[in-house]
Structures are given as C-alpha cells and as structure tokens.
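Protein chains in written order, with our numbering: chain A, -17 to 160; chain B, 3 to 165. Glycine included, C-beta positions come from ideal geometry on N, C-alpha and C. Structure record follows, encoded as structure tokens.
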Amino acid sequence: MAKFRYGWQFHAWSILMCSFFDSDRVHFLTVFRHYLGNLLGIEVVINGIVEELHCELLAVRWVRLILPSSPSVYLSSSRHSSSDLMQIDLNMMNAKLRLHSQVGHGALYHSQSPEAYLAHTPGIVVVMPRGPRCAKGLLLSSIRSKDPVVFLEPKVSSIFLSSGCFLHSHLHYYLNRC
Amino acid sequence: MLNTCILKSSQILYRSAVEEVPDADYEIPLGKAEIIRPGSDVTVVGWGAQLRTLQAACDLAAKDGISCELIDLRTILPWDVDCIARSVKKTGKLIVSHEAPITCGFGAEIVATIQEECFFHLEAPIQRVCGYDTPFGYVFEKHYLPDEKKNLDAIRKVMEYSR
C-alpha cells in the first residue's frame, strides 16, 4: 500500500500513469487560464497527437477555467473520432480536468459546474472520484476504456493538504517538488 | 449510533486527501455507483468531494436515529440509474446534493429520472441540496455551500413525511 494524495499533485498522476503505460505514449498538457491559449493549446496538441499517433492518453490540466476550452476539446474529439476511427483509439481523449467547485478562494470560479456542462455532451463518459483509492481504480478503467472519458478531479482536497505526497519511495523526490 | 468523539475524528478523515492506496493494478468499473453505507430510511446521493459533506450529514442523521443509504455516483455519465432506483424503491426517499447551482445541475437529471422510475415508491418529495443560482463572493461562501447542516435539514424534512 502506498500513501497517495491527489488533487494538486497532478504530477503524481502523471507518474502513476507512466508507471502503467509506456511513458512515451502518455501525453501531458497544462493549460492556463488564457482563453485563446486554451483553444489553441488543446487544438494543437490533439492535432499533433492525431498526426503522430504516438499518444495513448492525453491528460489535460486546466488551471482556473475549463469552460472556454471544453467546446474545443469536444469538437476535436468528435471530428477525429468520426473520421479516423479506424486508426485512433478514442481513449486518447481521456482528459483530466480539475473540478472548480468551492475551493476556498476566488468568487466567480465557484459557480462553475463542469459536471453538468460535460454531461450534456453526448458520447463521452464523465467520471468523478471521491478520494485517492477510488480515483486510482477509476483512472485505470478510464484509461483502458474504449470511450472518451473526462476524469474530473475534485480540487478541494488540494487546498487542505497541499504539501508533499508519496506514491512510491523512488518517486518521493519528484513528488515533493510538485 | 456514533458519539461525538468519533464523529469529530471522522470529520478530520473526510477532510483528508490522503488515503492508503493499493500498489496493485485494480479497476473500478465505469458507469457503476457504489453504496458507501447501507441504510433503510433515506437515500442520499452525491459524487466527488461532496461525499465528505454527505458522510458527515449521514453521521449527524444517525444520531437522530435516521438510517441513511449513502451512494457515490462515481460516474456522472452514463450514470447508474438502477443502483439509485433500487435504493429509492427500498427507502422511498431521495436527497441529491451537489455544490453546483441547483438549476440544471446534474441533480436535476437524477431527480427527473428517479421520479419516473420510482414514482409509486416515493414517500416524500425528492430534495435537492445544492448551490444557489448565483456566483458568490468569498464572504458568502458559508452561506452558499450545501454543507452537512443543510443536508441534515433535508434528511429531517423528508423523514417528516413518513411520520
């Protein structure tokens, strides 16, 4: 058993996923709040992945705002899934979002409700774990699912305990740098 | 029935983002809800971080002698209608809670489907304990949040119907 914390430690997930999959085939992207950056960043990365066909899993971390970027993601997803279905496993759209419900700071962000928005997009699976143990099992299922999965990570856990996390002893160094 | 001391330590656990996680490779099926604590009086449904609040609410209700069945939806879409419907047919009462604004929140979908599936089993109006339809300032956070006391109020309210 390893003590594992999720939330802020996005890199912990990265390492977890890399440990189960060939790290060359996992793609990570951090998107900051800039609207144009969201649109372009995701578009470019998804296109790039499609072009290269190197990536099995796309993990996207939205910082602050996800809503401006989500239409772009799904447009990209649906386009590629319809035209390139024979070549591309849909699961590469396995995106990992942070949930911006109440997090103890900032006013306007609190009213965002991504699960309801996302659930209105036909064809995707929306997953939200309640804790690390649940998250690991659901994440592995999401990665191996043939369907595009959006994995929502409650951010609240990151605020109360945000320093230091332990996955495996040899990863300790990386995780403490998060 | 939990005493105050245990309840307090439980609340600390709910706040915790740290859990023992098995090293082994294991999967949790998508589209399946989990019954976190079985109960007979009220079905309480939530997902994500809200589960901590709901666990606290169920603990408080247990002190009143109300047995809550707490269900973690886990997958929002496609969601596990059967699991919720089975539970509501048993308890006759349902509470759905999320932090997002109440209008067109995902709770609305659950309520609409469950009233269709379980109409003749319902003993009380289904309650949604959610955020308000407004952005909120930092200072109003405590007012906005559907915390364990608001959930406990809803649990007590639906229990009134069966008395």
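query: How would you label residue 22(B), buried or exposed, when you count the other beta carbons within 10 angstroms and need 16 or more for buried?
result: exposed
query: Would you call the CB atoms of residue 72(B) and residue 57(B) closer than 8 angstroms?
result: yes
query: Going along the region 101 to 121 of chain B in order, which residues come within less than 9 angstroms of chain A, judged by CB to CB distance?
result: 101, 102, 103, 106, 107, 108, 109, 110, 111
message: Within the continuous beta strand (DSSP E) that includes residue 102(B), where are the two ends?
response: 96 to 103
query: Using DSSP with H/G/I as helix, E/B as strand and the rest coil, what is residue 22(B)?
result: strand
task: Would you tell me roughly how many angstroms separate the C-alpha atoms of residue 101(A) and residue 107(A), rounded to the nearest one?
output: 8 angstroms
message: Can you check whether the C-beta of residue 29(B) is within less than 8 angstroms of a C-beta belonging to chain A?
response: yes
message: If contact is defined by three or more beta carbon pairs under 8 angstroms, each pair taking one atom from either stretch, is the region 59 to 72 of chain B in contact with the region 36 to 50 of chain B?
response: yes
query: Taking all protein chains shown into account, do 16 or more other C-beta atoms lie within 10 angstroms of the C-beta of residue 41(B), making it buried, or fewer, making it exposed?
result: buried
Sequence-distant residues of its chain with Cβ nearer than 6 angstroms to residue 128(B) (five each side left out): 96, 113
task: Starting from residue 39(B), follow the beta strand (DSSP E) in both directions and report where the run begins and ends.
output: 36 to 39
query: Is residue 165(B) helix, strand or coil by DSSP?
result: coil
query: Is the beta carbon of residue 109(A) less than 8 angstroms from the beta carbon of residue 120(A)?
result: yes
- prompt: Excluding five sequence neighbours on each side, which residues of the same chain lie with their C-beta closer than 6 angstroms to the C-beta of residue 103(B)?
  reply: 133, 135
- request: Return helix, strand or coil for residue 158(B), following the three-state DSSP convention.
  value: helix
task: Starting from residue 115(B), follow its DSSP beta bridges and name the residues at the other end.
output: Answer is none; residue 115(B) lacks a bridge partner.
- request: Pull up the DSSP beta-bridge partners for residue 57(B), would you.
  value: According to DSSP, residue 57(B) bridges with nothing at all.
query: Exposed or buried, residue 145(B), counting other C-beta atoms within 10 Å across all chains shown (16 or more means buried)?
result: exposed
- request: Just confirm the distance between the C-beta atoms of residue 98(A) and residue 85(B), as a whole number of angstroms; I'd bet it's less than 8 angstroms.
  value: With a Cβ gap of about 20 angstroms, residue 98(A) and residue 85(B) do not count as contacting.
task: Could you please give the first and the last residue of the uninterrupted alpha helix (DSSP H) stretch that includes residue 84(B)?
output: 83 to 93
query: Does the beta carbon of residue 32(B) sit closer than 8 angstroms to a beta carbon anywhere in chain A?
result: yes
query: Can you tell which of 124(B), 35(B), 37(B) has its C-alpha closest to the C-alpha of residue 160(B)?
result: 124(B)
field: Minimum Cβ-Cβ distance from residue 66(A) to chain B less than 8 angstroms
entry: Note on residue 66(A): pLDDT 34, under 50, position unreliable in the model; the coordinate value appears next. No, its Cβ sits nowhere closer than 8 angstroms to a Cβ of chain B.
query: Where do the N-terminal and C-terminal ends of the beta strand (DSSP E) with residue 71(B) fall, by residue?
result: 70 to 74
- prompt: First and last residue of the alpha helix (DSSP H) that includes residue 145(B)?
  reply: 143 to 146
message: Please state whether the Cβ-Cβ distance between residue 116(A) and residue 30(B) is less than 8 angstroms.
response: yes
- request: Please state whether DSSP places residue 106(B) in a helix, a strand or coil.
  value: coil
- request: Tell whether a beta-carbon distance below 8 angstroms holds between residue 82(B) and residue 35(B).
  value: yes
- prompt: So, is the C-beta of residue 41(B) closer than 8 angstroms to a C-beta in chain A?
  reply: no
message: With a threshold of 6 angstroms on Cβ separation, who are the neighbours of residue 53(B) within its own chain once the five nearest residues in sequence on each side are excluded?
response: 74
Near-chain D residues of the region 65 to 76 of chain B (beta-carbon distance less than 9 angstroms), N- to C-terminal order: As a matter of chain content, chain D is missing from the structure shown, whose protein chains are A and B.
message: For residue 46(B), would you say it is in contact with chain A, using Cβ-to-Cβ distances shorter than 8 angstroms as the test?
response: no
message: What does the alpha-carbon distance come out to for the pair residue 152(B) and residue 59(B)?
response: 8 angstroms
query: Would you call the CB atoms of residue 101(B) and residue 148(B) closer than 8 angstroms?
result: yes
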